[in-house]
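Asker: Residue numbers (the numbering used here): 160 to 628.
(1) Helix or strand or just coil, what does DSSP make of residue 423?
(2) Decide yes or no for the touch test of the region 505–524 against the region 562–575: beta carbon pairs closer than 8 angstroms, at least 3 of them.
(3) What residue from 578, 564, 513, 520 has the CA that sits closest to residue 548's CA?
(4) Which whole-angstrom value describes the C-beta separation of residue 301 and residue 316, a residue pair presumed to lie in contact below a C-beta threshold of 8 angstroms?
(5) State the DSSP-derived secondary structure class of residue 603, mapped to helix, strand or coil.
(6) Find out if the Cβ-Cβ distance for the pair residue 190, residue 201 is shorter than 9 angstroms.
(7) Along the chain, where does the beta strand (DSSP E) that runs through residue 521 open and close?
(8) Mind reading off the beta-carbon distance from residue 286 to residue 297? Whole number of angstroms is fine, and I expect it under 8 angstroms.
(9) Report the partner residues of residue 187 according to the DSSP bridge assignment.
(10) Go ahead and pull the three-state DSSP assignment for residue 285.
(11) Whose CA, out of 229, 423, 480, 208, lies closest to the CA of residue 448?
(12) Under a three-way DSSP split, which group does residue 216 fall into?
(13) Which stretch, first to last residue, makes up the beta strand (DSSP E) that contains residue 534?
(14) If you draw a straight line from the C-alpha of residue 559 to the C-alpha of residue 199, how long is it?
(15) Just how far apart, CA to CA, sit residue 530 and residue 524?
(16) Thinking C-alpha only, which one of 217, 246, 254, 258 is nearest residue 237?
(17) Count the other CB atoms, across all protein chains shown, that sit within 10 Å of the CB of residue 584; report buried if there are 16 or more and exposed otherwise.
(18) Taking just the CA atoms, how far does residue 216 sit from residue 425?
(19) What are the boundary residues of the alpha helix (DSSP H) that residue 202 is part of?
(20) Excluding the 5 residues flanking residue 554 on each side, which residues of the same chain have their C-beta closer than 7 angstroms to its C-beta?
(21) Quick one: what's residue 229 bridged to in DSSP?
(22) Would you report the Cα separation of residue 214 and residue 224, rounded to the nearest angstrom?
(23) Can you give me the C-alpha to C-alpha distance between residue 322 and residue 262, rounded to a whole angstrom?
(24) So, at 6 angstroms on beta carbons, what are the nonlocal neighbours of residue 624 in its own chain, with the 5 sequence-adjacent residues on each side left out?
(25) With DSSP run on the structure shown, which of helix, strand or coil describes residue 269?
(26) Which of helix, strand or coil does DSSP assign to residue 366?
(27) From residue 181 to residue 233, what distance separates their C-alpha atoms?
(28) Starting from the Cα of residue 599, find the closest Cα among 561, 178, 510 and give me that residue.
(29) Indicate the three-state DSSP secondary structure (helix, strand or coil) for residue 177 in the structure shown.
(30) With DSSP run on the structure shown, which of helix, strand or coil describes residue 397?
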C-alpha cells in the first residue's frame, strides 16, 4: 500500500499524462473521477471537500458535489503498471520501478531526506539517510552520551555543564597560585583578608625557591581554606544544576511520552475510519461496475427498441402471415461474430385483424444451445393497440419456415405451441416481451453450403404463420 499522496511521477510523462492528479500533479493514488471527467488522488479529493460538500474542479472550474465523485478502478490499474521515478530523484537517486514497489524502495533509499530522531527535543536537522546516521551518532546536540566519571546518560548539549559539577570529577589539589620563574606575587583570592606568610616574608633580597614557598605550612593552610571555600560553592552549584537537569529531562521525557501517546491514539482513531473508507470504496467500485453493465444493457435495449420502432412502426401484415426478406445475410453473420449486432428484428405484423402485434427476432450466429452451430429464430410478442380486449396468454400455434428460393419446395420448417406459463406470452408490460422460439432453427452447414437453395443473391427468406383457426 502506497501513501495517499505519492509525490512520484511517471518516467514517460507524455504517456502517463492521463494518470496525473488534477490537483497535486503527481501520479494518481487510489484515483477518483469527478462527474466532469477529471481525475484526482483520493487524498486530494478529501482535501477539496474538507470544508464543505461542494468544491470547484481544478481544471474546468465546474462546481461539483462530493456525491458526484467516484472511484476509478481502470485508472488505478493503469497507474499501478506505470514505471515511475524515485521521489528523491532530484537528490540523485536513479531508481525506477512500478508504483507498488515504491514503499519498499523508499525505506532503503540512500537519498531520502528525513528529520533527526531527536526532533521532538528541538533538533531541526534534516538530511539524507547516510548524513542522518552520522549526524545522530556524532553531531546532534541532543544525542545521548555518558559521563566518563559517573557513567550517567544525558544529552550532549548538557555534558559540559555536567562535567563542571560532576561529584566524581574533582579538581587537582595543587593548582598553580604563583607565577613561575618571575618571583612576582599573585593577587590574593577575593575575600582573602590576610596575605600568605611566604608573601610577607619574601623579599627581593632573600628569594626562596618556588617549591619551598608552596610547601610552607602557612601557605598550605591558606590554600586549603581557599580550596574548601571553592568546593563548597561548587557543591551548591552542582546541587542546583543536577536539580535543574532532572527537571529538564523529566519535562522532555514527559513531553515525548505525551506525544507518543497522542500519536498512538490518533492512529488508532483514524485506523477504523480508514478501513471503513477502503471497504466502502471497494463496494462503490463494485456498484459502479454493476451500474455500468446495466447502463450498457439498457443502451442495447434502447437500440433494439428504436430498431423495432423504425422497422415496425407500421404493420406489414394483418392476416397472421409474414414473409421476411433479409438482404446482405453474409454481412449480418459477420457482424454477429463481432457482437456489434447479434440479432435482427423483422417488421411488426398482426396475428389477425385487431389481433396480437408480433415480430420475429433472428440470431444469425445462434443463441443459447444453438450458438455457433445454428441460426436461431424467435417470436416476440409486442405491445399492441388491442391488448386490453384480447385473451391472454397468447396460445396460437406458430410455424417458422426458411423458404427454398430455388422453387424446389425444400423449405425448412419448425413449429411450436406457446407455453401458457411462460412470461414471453403474457400480456406485455414493456414494449416487447422476452423472445421465445427455436434456438436450433437451421444449421449453419446448410445455410453456408455452396449452391444452397436458401440464399439467393445473399438474401434469406423467412416465413412465419400464426394459426388462429
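Even glycine gets a Cβ: it sits at the ideal position worked out from N, Cα and C.
Answerer: In short:
(1) Taking the chain shown and counting its residues from 1, the one referred to as residue 423 is at position 264. Three-state DSSP puts residue 423 in a helix.
(2) no
(3) If you number the chain shown from 1, residue 548 lands on position 389. Measuring from the Cα of residue 548, the nearest candidate turns out to be 513.
(4) Residue mapping note: residue 301 aligns to position 142 of the chain shown, counting from 1. Residue mapping note: residue 316 aligns to position 157 of the chain shown, counting from 1. About 6 angstroms; that satisfies the 8 angstroms criterion.
(5) Taking the first residue of the chain shown as 1, we reach residue 603 at position 444. If DSSP states are grouped into helix, strand and coil, residue 603 belongs with the helices.
(6) Position 31 of the chain shown holds residue 190. Position 42 of the chain shown holds residue 201. Contact: yes.
(7) Position 362 of the chain shown, counting from 1, holds the residue named residue 521. Counting along the chain, the beta strand (DSSP E) containing residue 521 begins and ends at 516–522.
(8) Residue mapping note: residue 286 aligns to position 127 of the chain shown, counting from 1. Residue mapping note: residue 297 aligns to position 138 of the chain shown, counting from 1. Wrong, their Cβ atoms sit about 13 angstroms apart, outside the cutoff.
(9) Within the chain shown, residue 187 is the residue found at index 28, counting from 1. According to DSSP, which records beta bridges pairwise, residue 187 is partnered with nothing at all.
(10) Within the chain shown, residue 285 is the residue found at index 126, counting from 1. DSSP places residue 285 in strand when its eight states are reduced to three.
(11) The count along the chain shown starts at 1 and reaches residue 448 at position 289. When each option's Cα is compared against that of residue 448, the closest is 229.
(12) The residue labelled residue 216 in the question sits at position 57 within the chain shown. In this structure, residue 216 counts as coil in the three-state DSSP scheme.
(13) Position 375 of the chain shown holds residue 534. That run of the beta strand (DSSP E) goes 533–541.
(14) Against the chain shown, residue 559 aligns to sequence position 400. Against the chain shown, residue 199 aligns to sequence position 40. Approximately 57 angstroms, taken between the alpha carbons.
(15) Position 371 of the chain shown holds residue 530. Position 365 of the chain shown holds residue 524. Their Cα atoms are separated by approximately 6 angstroms.
(16) Residue mapping note: residue 237 aligns to position 78 of the chain shown, counting from 1. Among 217, 246, 254, 258, the Cα nearest to that of residue 237 is on 258.
(17) Numbered from 1 along the chain shown, position 425 holds the residue referred to as residue 584. Buried, because 16 or more other Cβ atoms sit within 10 Å of the Cβ of residue 584.
(18) Position 266 of the chain shown holds residue 425. Position 57 of the chain shown holds residue 216. Their backbone Cα atoms lie some 31 angstroms apart in a straight line.
(19) Here the question's residue 202 lines up with position 43 in the chain shown. Unbroken alpha helix (DSSP H) run through residue 202: 201–207.
(20) For this step, residue 554 is matched to residue 395 along the chain shown. Excluding positions up to five away in sequence, the list reads 577, 579.
(21) As a first step, residue 229 is located in the chain shown; it is residue number 70 there, counting from the start. DSSP, once it has assigned bridges, lists 192 as partnering residue 229.
(22) Here the question's residue 214 lines up with position 55 in the chain shown. Here the question's residue 224 lines up with position 65 in the chain shown. So the alpha carbons of these two residues sit roughly 7 angstroms apart.
(23) On the chain shown, residue 322 is found 163 positions in, with the first residue counted as 1. On the chain shown, residue 262 is found 103 positions in, with the first residue counted as 1. Cα to Cα, the separation comes out at about 45 angstroms.
(24) Locating residue 624 in the chain shown gives position 465, counting from the first residue. Excluding sequence neighbours, residue 624 sits near 480, 558.
(25) Mapped onto the chain shown, residue 269 falls at position 110. Coil at residue 269, not helix or strand.
(26) Along the chain shown, read from residue 1 onward, the residue named residue 366 stands at position 207. Low confidence applies to residue 366: its pLDDT is 47, below 50, so where it sits in the model is not reliable enough to give any reading.
(27) Taking the first residue of the chain shown as 1, we reach residue 181 at position 22. Taking the first residue of the chain shown as 1, we reach residue 233 at position 74. Using only the alpha carbons, I get a separation of about 17 angstroms.
(28) Locating residue 599 in the chain shown gives position 440, where the first residue counts as 1. Closest by alpha carbon: 561.
(29) One-based indexing of the chain shown puts residue 177 at position 18. Three-state DSSP puts residue 177 in a helix.
(30) One-based indexing of the chain shown puts residue 397 at position 238. Residue 397 falls in the helix class under three-state DSSP.
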